[in-house]
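Reviewing the structure listed below.
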Amino acid sequence: MITNEMIWGAVGFLLTIMILSYLIGDNLFFRLAAHIFIGLTAGYLAVLLIRHVLIPYLVKPLIENPGQSQLWMILPVALILLLLLGQVPRLSWLGRIPLSYLAGMTAAVVIGGAVFGTLIPQVQTVFSAFDPAGWVNVSGYAWPGIINAVVMLIGVVSTLSYFHFGRKLKLTRDEDQSKRPLIFESLGKLGQIFIGITLGAVFAGVFSTALLALINRLIQMGQFLAGLLGGS
Amino acid sequence: MKKVLIPMIALLVGLVTLAGYFLPTQLGPTLTIIIGAGILLMSAAGLIGIGYLLHMHIMKLVHKERGGFFSLIVLLFFLVALIAGLVLPPGSAFYRDLILGVQIPIEAALLGVLAVVLLVASLKLIRTRGWTPLSIGFLSSALLSFVFDLGLLHAEPGTLSAELLDFLRGLPWLGARGIILGMALGGLIVGLRVLFMIDRPYGEE
Amino acid sequence: MNWSLIGWIFIGVSAILLALFTFLFRSGKGYPIRKTEAVEAYKGSQVASIEEGRARQVLLGESFWTYVYPGLGLQALTIVPKLLDLETAVDGGMSLSGGDGSLAVFARQIVDGRYQDGFSTKLSPIGVRTTLPGVTPLSLTAGLLSELSLRPYGSLALLGHYGPAALLLAETVIDKGGRVLGTAGTLAAQAALFPSIQNLLIGEMTYMLPGLFKKSTGHQAAWLTEDILRVLLILGLIVGAILKMIGVL
Amino acid sequence: MIICPECGTENPPDSERCLNCNALLTERALEEHIEEQPDHEESLDLLSQGDHDLPDLLHALKQDGELPGVEGEQEDLSSEDVVASFSLSELEEIQPDEETEEPGESPVVKPDQMPEWLQRIRQRAKEETDSIGEITQKIQAAQESLVEDKSSQRHEDYSSFLENLGETFPTNDLEAVPIKEVVKDKDHALEEDQEPDWLERIRKAEGKLGENEDAANAGNRDGDSLLQWLVALEDGTLKPPTADVEQIEESLQLEDSTQELPGYDDSSFGQAATQEIHVVEPGLQAPPLLEVSKEEQSQADQLSATIADETAVRPIHRRRRAKAPWVLRLILGVILITVLSFGLFTGAPVKSNLTTLKPHQQGLLSWAEALSPDASVLVIFDYQAGFADEITLIAQPVLDLIIKPGREIAILTSSPSGMLLADRLLNEVIGTEDIILRDLGFVPSASLIAYSLASPVTSEIFPLELEAGDFDGVLILSDTFEDAVVWIEQFSARIPSIPVNCLVTAQAGPLLAPYWESGQITGMVSGISEAHQLEAVMGESTLVAYRWRAYRFGIFMMIAMLVIGATIADEGKREDEGWGGA
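Residue numbers (the working numbering), protein chains in the order written: chain A, 3 to 234; chain B, 15 to 219; chain C, 332 to 580; chain D, 210 to 791.
This is the structure we're talking about:
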């Protein structure tokens, strides 16, 4: 008897093979799977937006409980209308009003997050690493704490220096066009090592994640084949 | 007029939102309305995007362009997901299996292909980059991370080697902190540029 | 110590510096930044593609509204007019792809506008295609992989926000003798692309990008402001660390 | 011997048309041809034979100063526009109907619809692989240099300068007649000895006056264009002058005097727009003085650079192109899949021998264990379907600790598949237990909802009638650093009191660590190796242990690839690619 698991197992098996076939280059099967995926994802996203955002937060309140409490709804309704009107080529400038609204709002959230959520806490961490009280660790050593603090400061400063945009002011050779001012250039060299170390660790993480995804696919396929051969 | 109006809206909304970090209680209700409207707007924009995707594929079919068959597939599966999603009750197990039954195998298999491509890429790391501080740091760190990942290197807590291993494990975080701080600076500047109307994502005027 | 106040002061100083330099640079003065080979190399690949009659693909990213690396969608769009040069106008063969409706719609508007204002009303902009291969990150990758196999692509520019799966796109183009320019996207994407492509802008360097294609007063003011803030931050870190060590902070 | 400008075939000196492609060769033939051609083609044929092997676009560049006059346009166009409108005029007849075509759906311009200059470039690119990139690069460089200064004044200057060159034409004629035509007619005028005195004297100085119109001096006729004459000067291809210096100086004075002609706008063509070029020729007592506009000079420079580069030896750009790139990928793919399958389907699960957790893992467990029986936790599902299995492996043991009867679990997502993935994962974890689940649904923007949720004020209206402060903790399940950091930043910026914890994929771990060090994250588990440790410590399931051997094989393979790659690295190959690292 064909169970639900077997059907989805078969679908998963076929789709996985179709996508893995990309290893020999683009082919009909890969494209077929890719386009099924695109269509289905778009359809689901549409359902999500309509059913889980627009209907409960916009349509329902307006239908079920119109009046004073819903006055604020004028704002999103007007903005959405402008966005739709903006799709008409002659009225495209109207579409820029809601977009400017979103741009301003997103920019502000980004500024706040960047300063209060990253800049300040990370600077505080560097400072606290230099607190002598925190140097002595469980094993009674103080030097690891000191080394850690110094390396942390050097790492952060040199990495920041690597990203310095400005170029060397005195141009003696053509290569100087791509060089930073001396101090940033020398610190940047050191920064390169730290950046390389970070990217290397992230690369390892990316591979680990991708590898695990492949392993899980193989398990699913193995289970499906086992189920098929086992007749269950 | 519109040249002034449009940027002013961005500035006004931006300043009120930014002030929310400073005066959260006073601006609370106003901000909820502003943010709520923004979220609804983004949903509408998302739908317009999907409309653009459909339009693109419909036109491919209309003009009988190359790959029209695949456009048909896209439209077909779009309709399946849309109709099923609107007809079936929320939280339907069948709908969940329908979507995830396709999404998980395809996305995971794509990541599987990525794993293989990463293997190929790792072969040409030095060939592409040469022996530079960046590539040396990258290579050594990647190798070390894999070794740590497999748990091949470990020491008794409190020992010197344990301290050394912890130090090495923490090295990538130092560069990460520098990059994160840099990103925060960049984020701050880009945000201000948008508020100051230097950059206008809402139009090229 | 009131860190919140320091944060507001930092924002205020940034705003003042940015406004000041934007104003000052209007007189034509600028801020000289480092030359980055990556963009020069990419321009070369555009040229080579045109001469070889190969197509060019520009990925504008997965989404317009990005949070970490904010403004990447916007940045990708600001680069579009700079990519639409005369050869592109005549040759066509360029595709602009985005994973977000806003990106695709804006890109189309920019292309049409450029042809209208920059080139000739008699020339149709339809030679430059704007596509939306997929609406989620991995569906975008899958769609674009198929797209990249339809024609021989001479160059691929990875602009905007994208994940490590962009390596698949890069490798597809490289395999066919094409050239790739990678800009930030996400840090995971940078790490994945690092061994494969040389023309990769890492971290903050991505914010240099539009100005590397064509300088503007705004960009130069932003670069200088960011450099000054960076110096302030570095000095602050060093001074703060010392003060903390001697117990003042 | 005349080289054909179209196909490069060598033809006998007396031949008027190319033996190979039948293109017009001699200057006389070209001039006859001019009269039969429409405007824009005429302007092309005004160019010297020496320049005929350059793309028409380059011709356009050299003419662009004249182009604002085309169609008598009143508004000022930038040089770029001018170049465009010129070259595009060639395309008008091949442009598809905009109304019938669908924007964004057009294929590349077909070869037969391609302008001649582009076809020629491509032809050359095919024949000479080492020339790829060179020609158009120069053209672009030329365009860029011209586009940089978009001042309309320049164009006015240039137009008025041309007006002064074409003495015989009153200003109103210029407005009516396209300038290219004027230039053509000016050449006719030259034929009829109606050329300006200054030019005649310059010719005299070059010793060309009255020479036969043979192929050899066809190039010298370039002197008709001041620009080309300048290029000739720069290339040093001019013959030593035979005329005396006074004549030259006189001619130059005359040239100066032409600037005072009626219709000349002195303000727009003042000293600023001109520069002196001292032409030092062997055998001259004093150098002749010649005034040219900066516009002219910049074009001359670009043109000469381009001409010089056309003949220069180019570095060979060798494309990096593997014979069959997919072969290596396929081989490695097959090996990897075989190795992983072997690891998966043979042997028993491998439990971790590491019994001590890292501080950030311990932090998460301590927080989960310290939760009160009636605690409420906000769980954010922000990951894509492809990462579902990894997140499940990482999250299951932690969710087992958190999700208990009596506790309130609120679910929120900003990832499209998040809701379905949450449903799937929670079904596995909860089973039949009676848990209070509060589905907050999907919100399209993580940053906005995080900002809104982190508000210390509870709002009775949209979007969510709660605030993060209502919860005893937040647990973020994410596949990328970027998705997780949105929540971390907003919560720590607005309500730092609420503990935030992360369960993330391996690719996000290293970048989130600084947020754990700063105390913005209470605890974190990232990637399968940490999940493996956690599983060993909690000693319940063996899901990770079952995969561990295969995982280890895969990692060993990657280590081998990195080491092999580093050992067989060949620096020489990088040079061939000719690409600079960022």
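Glycine included, C-beta positions come from ideal geometry on N, C-alpha and C. On a predicted model such as this, the values are computed, not experimentally measured, just so you know.
Residue from the options with nearest C-alpha to residue i
{"i": "Ala212(A)", "options": "Gly542(D), Ala659(D), Leu752(D) and Ser727(D)", "result": "Gly542(D)"}
{"i": "Gly82(B)", "options": "Leu481(C), Ala552(C) and Ala435(C)", "result": "Leu481(C)"}
{"i": "Val713(D)", "options": "Ile600(D), Glu691(D), Gln605(D) and Ala619(D)", "result": "Ile600(D)"}
{"i": "Met190(D)", "options": "Leu47(A), Ala36(A) and Leu17(A)", "result": "Nothing can be reported for residue 190(D), as the shown portion of chain D is limited to 210 through 791."}
{"i": "Ser547(C)", "options": "Met332(C), Ile528(C), Gly359(C) and Ala346(C)", "result": "Gly359(C)"}
{"i": "Gly63(B)", "options": "Val466(C), Gln388(C) and Ala473(C)", "result": "Val466(C)"}
{"i": "Val111(A)", "options": "Ile737(D), Phe765(D), Glu505(D) and Leu662(D)", "result": "Leu662(D)"}
{"i": "Arg510(C)", "options": "Glu393(C), Leu355(C), Leu336(C) and Arg387(C)", "result": "Arg387(C)"}
{"i": "Ser154(B)", "options": "Phe205(A), Gly115(A) and Leu220(A)", "result": "Phe205(A)"}
{"i": "Leu53(A)", "options": "Val94(B), Phe108(B), Val101(B) and Leu167(B)", "result": "For the sequence presented, residue 53(A) should be read as Arg rather than Leu. If we check each option's Cα against that of Arg53(A), Val101(B) comes out closest."}
{"i": "Pro719(D)", "options": "Thr200(A), Phe39(A), Ala131(A) and Tyr164(A)", "result": "Thr200(A)"}
{"i": "Pro43(B)", "options": "Ser626(D), Val559(D) and Ser664(D)", "result": "Ser664(D)"}
Any chain B beta carbon closer than 9 Å to residue i
{"i": "Lys191(A)", "result": "yes"}
{"i": "Gln742(D)", "result": "yes"}
{"i": "Ser180(A)", "result": "no"}
Close beta carbons around residue i, own chain, < 6 Å, minus the five adjacent residues each side
{"i": "Phe437(C)", "result": "Leu408"}
{"i": "Val318(D)", "result": "Its pLDDT being 45, under 50, Val318(D) is placed unreliably by the model, and the measurement read from it follows with that caveat. Here the set comprises nothing."}
{"i": "Tyr660(D)", "result": "Gln699"}
{"i": "Ala597(D)", "result": "Leu630"}
{"i": "Ser561(D)", "result": "His741, Gln742 and Ala745"}
{"i": "Arg175(A)", "result": "none"}
{"i": "Leu555(C)", "result": "Phe352 and Tyr362"}
{"i": "Ser434(D)", "result": "Note that Ser434(D) scores 40 on pLDDT, short of 50, meaning its location in the model is unreliable; the coordinates nonetheless yield the value given after this. Nothing listed; no residue qualifies."}
Closer than 9 Å to chain A by CB, residue i
{"i": "Pro464(C)", "result": "yes"}
{"i": "Asn530(C)", "result": "no"}
{"i": "Phe544(C)", "result": "no"}
{"i": "Gln117(B)", "result": "yes"}
{"i": "Ile620(D)", "result": "no"}
{"i": "Thr461(C)", "result": "no"}
Contact with chain C by residue i, beta-carbon distance below 9 Å
{"i": "Ser154(B)", "result": "no"}
{"i": "Val18(B)", "result": "no"}
{"i": "Gly63(B)", "result": "yes"}
{"i": "Phe700(D)", "result": "no"}
{"i": "Ile49(B)", "result": "no"}
{"i": "Ser234(A)", "result": "Confidence at Ser234(A) is low in this model, with a pLDDT of 48, below 50, so its placement is unreliable and no value can be given for it."}
Beta-carbon contacts of residue i that lie in its chain and below 7 Å, excluding the five residues immediately before and after
{"i": "Tyr103(A)", "result": "Leu81"}
{"i": "Ala144(A)", "result": "Trp137 and Val138"}
{"i": "Ile410(C)", "result": "Leu490, Leu540, Pro541 and Phe544"}
{"i": "Leu202(B)", "result": "none"}
Unbroken alpha helix (DSSP H) run spanning residue i, endpoints
{"i": "Leu162(A)", "result": "Trp145 to Tyr164"}
{"i": "Val134(B)", "result": "Ala107 to Leu137"}
{"i": "Leu405(C)", "result": "Leu403 to Leu414"}
Residues near residue i in its chain [Cβ-Cβ closer than 8 Å; skip 5 each side]
{"i": "Asp583(D)", "result": "Gly615, Arg616 and Glu617"}
{"i": "Ala228(A)", "result": "none"}
{"i": "Tyr373(C)", "result": "Ser486, Ala488, Arg510, Leu512 and Asn530"}
{"i": "Pro606(D)", "result": "Ala740, Leu743, Glu744, Met747, Glu749 and Ser750"}
Run of the beta strand (DSSP E) containing residue i, from where it starts to where it stops
{"i": "Gln734(D)", "result": "Strictly speaking, residue 734(D) in this sequence is Val, with Gln absent from that position. That run of the beta strand (DSSP E) goes Gly732 to Ser735."}
{"i": "Asn710(D)", "result": "Val709 to Val713"}
{"i": "Thr462(C)", "result": "Val459 to Thr462"}
{"i": "Leu427(C)", "result": "Met425 to Gly429"}
{"i": "Gly432(C)", "result": "Segment Gly432 to Gly444 is the alpha helix (DSSP H) holding Gly432(C); no beta strand (DSSP E) there."}
Any C-beta of chain D under 9 Å from that of residue i
{"i": "Pro146(A)", "result": "no"}
Does the structure place the segment 146-156 of chain B close enough to the segment 488-499 of chain C that three or more beta carbon pairs sit under 8 Å? Two segments are said to touch when three or more pairs of C-beta atoms, one from each, lie closer than 8 Å; by this definition the segment 488-499 of chain C does not touch the segment 146-156 of chain B.
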